[in-house]
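Trainee: So the protein lines, in turn, are chains A and B. Sequential numbering of the first sequence, starting at 1, is according to our numbering. Sequential numbering of the second sequence, starting at 1, is according to our numbering. Note that CB positions come from ideal geometry on N, CA and C, so glycine has one too. All values reported here derive from a predicted model rather than from experimental measurement.
There are 2 protein chains.
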Amino acid sequence: MDPRKQKVLQAIIDDYIRTAEPVGSRTLARAHGLGVSPATIRNEMADLEQMGYLEQPHTSAGRVPSDKGYRYYVDSLLASATDAEVSREAVRRVLAIKARMIEDVTRQAARLLAEMTDCLALASQAGAQPVRIRAVRVVPLDPQRALLIVVGEDGSLRSKTVQLGPDLPADELERIAAALSGRLEGATFGGSSLGRLRGLQGELGQFRQLVDQVLAWLGEQQQAPPERLWVDGARNLLNQPEFHDVPKAQAVLAALEHEQLVDQLLGVPGTVEGGAVAVAIGRELHVQEMEDCSLVTALYVAPGSVVGRIGVLGPKRMNYRTVMKVVELVASSMTTVLAGEDALQEPGSQSKEPGSESKEDPADGGA
Amino acid sequence: MDPRKQKVLQAIIDDYIRTAEPVGSRTLARAHGLGVSPATIRNEMADLEQMGYLEQPHTSAGRVPSDKGYRYYVDSLLASATDAEVSREAVRRVLAIKARMIEDVTRQAARLLAEMTDCLALASQAGAQPVRIRAVRVVPLDPQRALLIVVGEDGSLRSKTVQLGPDLPADELERIAAALSGRLEGATFGGSSLGRLRGLQGELGQFRQLVDQVLAWLGEQQQAPPERLWVDGARNLLNQPEFHDVPKAQAVLAALEHEQLVDQLLGVPGTVEGGAVAVAIGRELHVQEMEDCSLVTALYVAPGSVVGRIGVLGPKRMNYRTVMKVVELVASSMTTVLAGEDALQEPGSQSKEPGSESKEDPADGGA
DNA sequence: ATTAGCACTCATCGCCCGAGAGTGCTAACA
DNA sequence: TGTTAGCACTCTCGGGCGATGAGTGCTAAT
């Protein structure tokens, strides 16, 4: 491709990203310092259209980038755009401060993405095997109640207020806690814990009611698959002129209600390995309703072979430069934070587990 | 107010809620079994308009309810509407299952509200006093690290992985935990805890590094006020015809970005005590951008003097009957779940347990 | 190879007008 | 006196029409 064609293409896309209006030869000649006349540009534009990089909404309108045009732009022309610097440290701090556990980090990441890019943000968390229980603690609340805290292998916490029988002395409570902790340690959350707990009823016979509560709760937890998908910033879509058409916006948002589809979306751009961001443009998303959108995604990892993906969905006209930067930044910050806060588990402890080999072993070179 | 006028008003509002179109006398006479002619209805409508219950978008359109009209409808006419039954038990279960802690319950409640009402849902958690620390627990992770868990008065949990010095025996760790717990109990989170912890350095002199970590962390937490507001279901607004005007929808959503405003919104309808739902209609919200909206709110409470409010924001044309029911339902379910009382209602424990029958105890004052 | 000139296309906007829905008023009616 | 039929009137909505103007493609000159 002709260097001047490149310049023209870049100018058109830059302009279109800025204005959301089809770009005409005249405007282009005037605004950007190309030093050639509109007529020349028209010729180039005709060529570029021929080659498939541009499209015309109708005969006498300016040109608009095609998917192929955006693709070329993202792959080859992006380097020269202006660079909106964002503070890596600030992102890391926000994530770390809000980070009570991995879901918090992920949810917060989605929020950050949405705010920073003014687009819709997605976050998913995959490969989370059932969590094993590491320990159980009990905190007395009042004579009637106590808070049961279950700590997972991954550092996650779950708590449950339990009703105590009348006058249960504090040391007795401690004994119960210890018993529960011993019994449940290593159990998968929800899974086979029932059998183990049954045993408890011998030890803690008189507190059967309490044991039953715990049992029921664990059962409930089992039924509730952990949240795995987050969507944030839906309202940002409305800021984009292409979504001033309400039905179109609705269609996109409605599509995002289907978890399966979001999964698929975040799965699609398969080109990524560590750190790189992937961009899917228009039809490349293979979702009818989103053929006017682009998606920028990146991988993050957490210790314990938890892996997830974050993404930013916006109009094809999005500011790829900034969005890609932000996505990369947030993803890598997540990985850092998760490694720092939750690196409870060295590969060794997992390999003790029979039959559970984690093949993914990303270098979590932590801070 | 004339009984027939009531019927006419009710018919008009019902119709308008259903169709979102101004209601004409002819339509009304035909559809609803009022048994009078359009002309008569016109007279009634003119009267009702005079009295301020109806408005005319323009001279030759049908009538539309005014704020006052909706108010009368909500206060006096609602009883006779059809009753969309929702399962209290189902709601309680969803909340309980997803409930790892109070924030989860609240967030989940917002999601539920949004789904069930097809409107925008708000949830806030007040009692904005800094959370006091109830207890501290420590869970050893590996020889080098431990997980520090801080339990708030309100049952909230925060955790932090701390690095331990070399070779710290388990019982030593327990001693540290007990010391921390004793020292920090009752401290506001972050606030004056620094002074208290200083004292610890005497007790735990050799673990200064650990104490420093805790100190730094508490400082960070202080800077990060806990999340207190949730908004969900923004996209539902687009389903309502009144928000097919994108700028209007944007205005509402933009207004909701301001925490302060949302606080104010949820604060406004001051008429509530326990259980009752409050309705604010149009201008009653005192927010310019939302004068086409209504808000239905209710209070929920959690042990530890945490109090919050949930609400549903929709077009004035919302189905008050259903929405009010749902809001009431979710709020009271939240209160139940947060109190931990729901545990006693598990079918399993009830059948096996003839002795201690669960007493219904809706209002609870122990903290 | 570039550019100026020109004819042509086509979306957009303002305008007018007819159709239709709905009203208020008046007079007739039970 | 309350209700109803009839009627003139108002106002929105949608379609058709022409002017406008941005933008193009082509051709010929540089």
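Hey, out of A:V136, A:R88 and A:A123, whose CA is closest to A:R107's CA?
Mentor: Ranking the options by Cα distance to A:R107, first place goes to A:A123.
Trainee: From which residue to which residue does the alpha helix (DSSP H) around A:D245 run?
Mentor: Run containing A:D245: none; DSSP gives neither H nor E here.
Trainee: Using CA atoms only, rank isn't needed, just tell me which of B:R283, B:M290 and B:A276 is closest to B:L237.
Mentor: Closest option to B:L237, Cα to Cα, is B:M290.
Trainee: Whose Cβ in chain A lies nearer than 9 Å to the Cβ of B:R92?
Mentor: Those do not exist, as B:R92 stays about 11 Å from chain A at its closest Cβ, beyond 9 Å.
Trainee: Rounded to the nearest angstrom, what separates A:Y16 and A:L261 at their Cα positions?
Mentor: Approximately 29 Å between the Cα atoms of the pair.
Trainee: Please report how far the alpha carbon of A:L9 lies from the alpha carbon of A:Q240, in whole angstroms.
Mentor: Their Cα atoms are separated by approximately 22 Å.
Trainee: Any Cβ of chain B within less than 7 Å of the Cβ of A:I97?
Mentor: So yes, A:I97 belongs to the interface.
Trainee: In angstroms, rounded to a whole number, what distance separates the CA positions of A:S181 and A:G219?
Mentor: Answer to the nearest angstrom: the Cα atoms are 17 Å apart.
Trainee: Whose Cβ in chain A lies nearer than 8 Å to the Cβ of B:V323?
Mentor: In chain order: nothing, as chain A lies at least about 20 Å away.
Trainee: Can you name the start and end residues of the alpha helix (DSSP H) that B:A121 belongs to?
Mentor: No alpha helix (DSSP H) holds B:A121; the beta strand (DSSP E) holding it covers L120 to Q125.
Trainee: DSSP on B:K316, reduced to helix/strand/coil?
Mentor: It is coil, neither helix nor strand.
Trainee: Could you check what DSSP says for B:R228 in three-state terms: helix, strand or coil?
Mentor: Reduced to three states, the DSSP call for B:R228 is coil.
Trainee: Evaluate contact between the stretch 311-323 of chain B and the stretch 111-118 of chain B, counting only Cβ atoms and requiring at least three cross-stretch pairs below 8 Å.
Mentor: A contact exists between the stretch 311-323 of chain B and the stretch 111-118 of chain B.
Trainee: What's the gap between the Cα of B:Y73 and the Cα of B:E284?
Mentor: The straight-line gap from Cα to Cα measures roughly 15 Å.
Trainee: Anything in chain B within Cβ reach of A:L122, meaning under 8 Å, just list it in chain order.
Mentor: Near A:L122 there are no residues of chain B at all, since even the closest Cβ is about 14 Å away, more than 8 Å.
Trainee: Just to confirm, are B:M318 and B:A109 a CB contact at a threshold of 7 Å?
Mentor: Not a contact, by the Cβ cut-off of 7 Å.
Trainee: Where do the N-terminal and C-terminal ends of the beta strand (DSSP E) with A:L147 fall, by residue?
Mentor: R145 to G152 is the extent of the beta strand (DSSP E) around A:L147.
Trainee: Once you ignore the five residues that flank B:K160 on each side, which residues in its own chain have a CB closer than 7 Å to its CB?
Mentor: Closer than 7 Å at the Cβ level, and outside the excluded window around B:K160, lie L148 and W217.
Trainee: Excluding five sequence neighbours on each side, which residues of the same chain lie with their C-beta closer than 7 Å to the C-beta of A:G152?
Mentor: Cβ within range, chain order: V131, R132, I133, R134 and F189.
Trainee: Distance, Cα to Cα, B:S156 vs A:D75?
Mentor: Distance between the alpha carbons of B:S156 and A:D75 is about 47 Å.
Trainee: Would A:Q50 be called buried (16 or more neighbouring beta carbons within 10 Å of its own) or exposed?
Mentor: With fewer than 16 Cβ atoms within 10 Å of its Cβ, A:Q50 is classed as exposed.
Trainee: Indicate whether at least one CB of chain A lies closer than 7 Å to the CB of B:L147.
Mentor: Chain A, which has a Cβ nearer than 7 Å to the Cβ of B:L147, makes this yes.
Trainee: For B:Q162, which of helix, strand or coil comes out of DSSP?
Mentor: The question names Gln, yet the displayed sequence has Val at residue 162 of chain B. Three-state DSSP puts B:V162 in a strand.
Trainee: Could you please tell me which residues of the stretch 151-181 of chain A, in chain order, have their CB closer than 7 Å to any CB of chain B?
Mentor: Against chain B - using a Cβ distance shorter than 7 Å - the residues of the stretch 151-181 of chain A are V151, G155, L157, R158, S159, T161, V162 and Q163.
Trainee: Pull up the DSSP beta-bridge partners for A:Q311, would you.
Mentor: According to the sequence as given, residue 311 of chain A is Gly; it is not Gln. Note: A:G311 sits in a beta bridge opposite A:L122 and A:T297.
Trainee: Quick one: does B:V231 have its CB under 7 Å from some CB of chain A?
Mentor: It does not: the Cβ of B:V231 has no partner Cβ on chain A nearer than 7 Å.
Trainee: For chain B, find out if any of its Cβ atoms is closer than 7 Å to the Cβ of A:L238; answer yes or no.
Mentor: Yes, contact with chain B.
Trainee: Apply the 10 Å Cβ neighbour rule to A:Q288 and answer buried if 16 or more other Cβ atoms are within range, or exposed otherwise.
Mentor: A:Q288 comes out exposed.
Trainee: Quick one: is B:E174 buried, meaning 16 or more other Cβ sit within 10 Å of its Cβ, or exposed?
Mentor: Classification for B:E174: exposed.
Trainee: Secondary structure at B:L215, three-state DSSP: helix, strand or coil?
Mentor: B:L215: helix per DSSP, three-state reduction.
Trainee: Using a Cβ cut-off of 7 Å, which residues of the stretch 243-260 of chain B contact any Cβ in chain A, in chain order?
Mentor: Listed by position along the chain: H244, V246, A249, Q250 and L253.
Trainee: Measuring only between beta-carbons, confirm whether A:A302 sits less than 7 Å from chain B.
Mentor: By this cut-off, A:A302 is not an interface position.
Trainee: Compare the Cα-Cα distances from A:A276 to each of A:A339, A:L329 and A:A234 and report the closest residue.
Mentor: Taking only the C-alpha atoms, the option nearest A:A276 is A:L329.
Trainee: Against chain A, does B:V139 count as a neighbour if the rule is that its beta carbon must be under 7 Å from one of theirs?
Mentor: Cβ-Cβ to chain A under 7 Å: yes for B:V139.
Trainee: Would you mind giving the Cβ-Cβ distance between A:E44 and A:R4, rounded to the nearest angstrom? I have them listed as a contact below 8 Å.
Mentor: The Cβ separation is near 7 Å, so the contact holds.
Trainee: Can you tell me where the beta strand (DSSP E) holding B:D142 begins and where it ends?
Mentor: Where B:D142 is concerned, the enclosing beta strand (DSSP E) stretches over I133 to D142.
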